[in-house]
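Numbering (this note's numbering), first residue to last: 170 to 346.
We put the CB at the ideal spot given by N, CA and C, even for glycine.
All values derive from a computational prediction rather than experimental measurement.
Shown next, in the form of structure tokens:
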């Protein structure tokens, strides 16, 4: 069941989410240090890039014009503005020791884990199991499916004896308050 859920969630995950996760994990190309030659090349191409960006989308052009009218410095190009946070650190670099320490501090067991384990380990009462077999038997009987009825009988013959083995006879003292 868990593997089916993982497979289903993987199929629903878009490529943009996967790329973002890899980038946050450090598998992306890091921003290169800016050199003088790169700055000079950028300054020469900046005007062309700005014109190209503004020609592509009228909405961007209007928004950029509004920004320039406000307190935007005159020497800032649109491409600089759009890429201002591209090299921003958005995650914490943790060492293996830090990860282990944080997991140990969180504590592995919680009350929720205990209640789930108790709920999973608690068997339903025998009467509920037998009632469930009766309901399924009625359903299969209404469909006249002999093969399904044979499978149900085989299942019932395996389950019912095990119900009696796990039961413990109650003592009279258990019923006193």
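For residue 193, the enclosing alpha helix (DSSP H) covers residues 184-193. The continuous alpha helix (DSSP H) containing residue 318 extends over residues 315-334.
In this structure residue 179 is exposed. Its beta-carbon is surrounded by fewer than 16 other beta-carbon atoms within 10 angstroms.
7 Å or more divides the Cβ of residue 304 from the Cβ of residue 317. In the pairwise beta carbon analysis, the region 320-331 is classified as touching the region 290-303: at least three pairs are separated by under 8 Å.
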